[in-house]
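The next block holds one structure in the form of structure tokens; read it before the comments.
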Amino acid sequence: MQKIIITGGAGFIGSHVVRRFVKTYPNYNIINLDKLTYAGNLENLRDIENEPNYRFIKGDIVDLEFINSLFDNEKPDAVIHLAAESHVDRSISSPLEFVMTNVVGTVNLLNAARESWKGRYDQTRFYHVSTDEVYGTLGEDGMFTEETAYDPHSPYSASKASSDHFVRAYQDTYGMDVVISNCSNNYGSFHFPEKLIPLAINNIKQRKPVPVYGKGENIRDWLWVEDHARAIDVIFHNAKAGQTYNIGGHNEWKNIDLINLLCTILDKKLGREAGESAKLITYVTDRAGHDLRYAIDASKLKTELGWVPSITFEEGLEKTVDWYLANEEWLANVTSGNYQQYYKGQYNNR
Ligand code: NAD
Ligand code: DAU
Numbered sequence: 001m002q003k004i005i006i007t008g009g010a011g012f013i014g015s016h017v018v019r020r021f022v023k024t025y026p027n028y029n030i031i032n033l034d035k036l037t038y039a040g041n042l043e044n045l046r047d048i049e050n051e052p053n054y055r056f057i058k059g060d061i062v063d064l065e066f067i068n069s070l071f072d073n074e075k076p077d078a079v080i081h082l083a084a085e086s087h088v089d090r091s092i093s094s095p096l097e098f099v100m101t102n103v104v105g106t107v108n109l110l111n112a113a114r115e116s117w118k119g120r121y122d123q124t125r126f127y128h129v130s131t132d133e134v135y136g137t138l139g140e141d142g143m144f145t146e147e148t149a150y151d152p153h154s155p156y157s158a159s160k161a162s163s164d165h166f167v168r169a170y171q172d173t174y175g176m177d178v179v180i181s182n183c184s185n186n187y188g189s190f191h192f193p194e195k196l197i198p199l200a201i202n203n204i205k206q207r208k209p210v211p212v213y214g215k216g217e218n219i220r221d222w223l224w225v226e227d228h229a230r231a232i233d234v235i236f237h238n239a240k241a242g243q244t245y246n247i248g249g250h251n252e253w254k255n256i257d258l259i260n261l262l263c264t265i266l267d268k269k270l271g272r273e274a275g276e277s278a279k280l281i282t283y284v285t286d287r288a289g290h291d292l293r294y295a296i297d298a299s300k301l302k303t304e305l306g307w308v309p310s311i312t313f314e315e316g317l318e319k320t321v322d323w324y325l326a327n328e329e330w331l332a333n334v335t336s337g338n339y340q341q342y343y344k345g346q347y348n349n350r
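Residue numbering for the sequence shown follows UniProt numbering, beginning at 1 and increasing consecutively.
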């Protein structure tokens, strides 16, 4: 019997983690703590919302009083922390929000856990979900390992790097049991369409321009979100205290090649002529400080804990496109309202 607070459980990756834990561990008590920002959506969890081992609590991790009383009332045994502002482009226009949620919010949780877990650090765990972006950018060769020095370039990655340092400091200073994982780019169902893959699928479907930053030569290492959720499960249950694991799909794609692949898949699925969707590709001004290449060496996770991705990128992308085509209502709901405003600002009305 364990009580686990999962923060950010109404977001993209968080909802997959919550679903996995609720379904796999009926004897655990799972609390989803989420502020429901523009990125949080309880529709992502409709299939498990009535499970007896699941509860949703709305709240802000930046609100210290709320977080302290949550720990007093619930007395959790563990935290799996995913709540964050997660979009690099938004961090360029509003850096302070990223400092508040990603840094101050994380320290609030650490403080509440430190107080609440005094005397039983060996029976509790703070699992911090982080990103490969803390390592900065790669040239043409090499991969990020757990030993790569931190070198963040965007306000988003700087805020995540800062939160990682705080988490490690709480292990070193107070002896808390902490674990961190740094994952590469995820894709899959429930991905908010401000990020490249769901935005491209949505635009191709609607015959809208597909914005590609710069020359489209930046490279990302894509992992199916359910494989990330499984990695978090494996690490949460098996990692030694203080450990860090990189998680990645060994699956590097140049943005332009990935967009062309999506165009080909959608031409077939939507009954369009070959090459029709690719005409939508539109090169736009590059992202400021755009990291060239990410690639994860996940061999530590494979060797020590036996995790490897379960499906190929082709299978995962096919599943993902099918999911977006079958879930038009979800897509219509999340792209109404504020999304329109954000989109116009980000892409200059294109
Ligand atoms: P997301 O933006 O889809 O979801 C974030 C969730 O956090 C939302 O439900 C939102 O409502 C919630 N939230 C935001 N601010 C909050 C606050 N102040 N208090 C409580 N809840 C708040 O993000 P995601 O893509 O699912 O990423 C989840 C985590 O995984 C983040 O920490 C991110 O840095 C990390 N990560 C993401 C990726 C990726 O490819 N998306 C890869 C590696 C790591
Ligand atoms: O690497 C892990 C990170 O991956 C996570 O920590 C972040 O939370 C997540 O958002 C993601 O960051 P990226 O910046 O890599 O993802 P995004 O989908 O925004 O962009 C992927 C690539 O596509 C990147 O090189 C920028 C480019 N891009 C993005 C958008 C939104 C475009 O060319 N056009 C676009 O419209």
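Where a beta carbon is used, it is the ideal one built from N, C-alpha and C, also for glycine.
Residue range of the unbroken beta strand (DSSP E) whose run includes residue 252: As a position in the sequence shown, residue 252 is number 252, starting the count at 1. That run of the beta strand (DSSP E) goes 252-254.
Comparing C-alpha positions only, which one of 329, 88, 277 sits nearest to residue 102? Working through the sequence shown from its first residue, we reach residue 102 at position 102. Minimum Cα distance to residue 102 is reached at 88.
State buried or exposed for residue 14, treating a residue as buried only when at least 16 other CB atoms are found within 10 Å of its CB. Along the sequence shown, read from residue 1 onward, the residue named residue 14 stands at position 14. So residue 14 ends up on the buried side.
Could you work out which residue in 67, 22, 266 is closest to residue 48 when comparing CA atoms only? Counted from its first residue, the sequence shown places residue 48 at position 48. Measuring from the Cα of residue 48, the nearest candidate turns out to be 22.
With a CB to CB cut of under 8 angstroms and the five nearest residues on each side skipped, what residues in its chain are close to residue 53? Here residue 53 refers to the residue found at position 53 when the sequence shown is read from its first residue. Answer for residue 53: 22, 25, 26, 27, 28, 29, 30, listed in chain order.
Cα-Cα separation, residue 323 to residue 294: In the sequence shown, counting from the first residue as 1, residue 323 sits at position 323. In the sequence shown, counting from the first residue as 1, residue 294 sits at position 294. One C-alpha to the other measures close to 26 angstroms.
Use the C-beta contact count for residue 83: other C-beta atoms within 10 angstroms, 16 or more gives buried, fewer gives exposed. As a first step, residue 83 is located in the sequence shown; it is residue number 83 there, counting from the start. Classification for residue 83: buried.
Quick check on DSSP: helix, strand or coil for residue 205? Here the question's residue 205 lines up with position 205 in the sequence shown. Three-state result, residue 205: helix.
Who pairs with residue 34 in a beta bridge, going by DSSP? The sequence position of residue 34 within the sequence shown is 34, counting from 1. Answer is 58, bridged to residue 34.
Counting along the chain, where does the beta strand (DSSP E) carrying residue 270 start and finish? Counting from one through the sequence shown, the residue named residue 270 turns up at place 270. From DSSP, residue 270 is part of no beta strand (DSSP E); its letter is neither H nor E.
Any idea if residue 58 is buried or exposed, counting beta-carbon neighbours within 10 angstroms, 16 or more meaning buried? Within the sequence shown, numbered from 1, the residue matching residue 58 stands at position 58. Counting Cβ neighbours within 10 Å, residue 58 comes out exposed, since fewer than 16 surround it.
Measuring straight from C-alpha to C-alpha, what distance separates residue 63 and residue 76? One-based indexing of the sequence shown puts residue 63 at position 63. One-based indexing of the sequence shown puts residue 76 at position 76. Near 18 angstroms, if we compare the C-alpha coordinates of residue 76 and residue 63.
Is the CB-CB distance between residue 155 and residue 92 below 8 angstroms? Looking up residue 155 in the sequence shown gives position 155. Looking up residue 92 in the sequence shown gives position 92. Taking a C-beta distance under 8 angstroms as the contact criterion, residue 155 and residue 92 qualify as a contact pair.
Residue 221 and residue 194 closer than 8 angstroms at C-beta: As a first step, residue 221 must be located in the sequence shown, where it is residue number 221. As a first step, residue 194 must be located in the sequence shown, where it is residue number 194. No, the Cβ-Cβ distance between residue 221 and residue 194 is not below 8 angstroms.
Any heavy atom of the ligand NAD closer than 7 angstroms to the Cβ of residue 34? Here the question's residue 34 lines up with position 34 in the sequence shown. Yes, the beta carbon of residue 34 sits closer than 7 angstroms to at least one heavy atom of the ligand NAD.
Between residue 281 and residue 151, what straight-line distance do the alpha-carbon atoms span, to the nearest angstrom? Position 281 of the sequence shown, counted from the first residue, corresponds to residue 281. Position 151 of the sequence shown, counted from the first residue, corresponds to residue 151. Those two C-alpha atoms are separated by around 32 angstroms.
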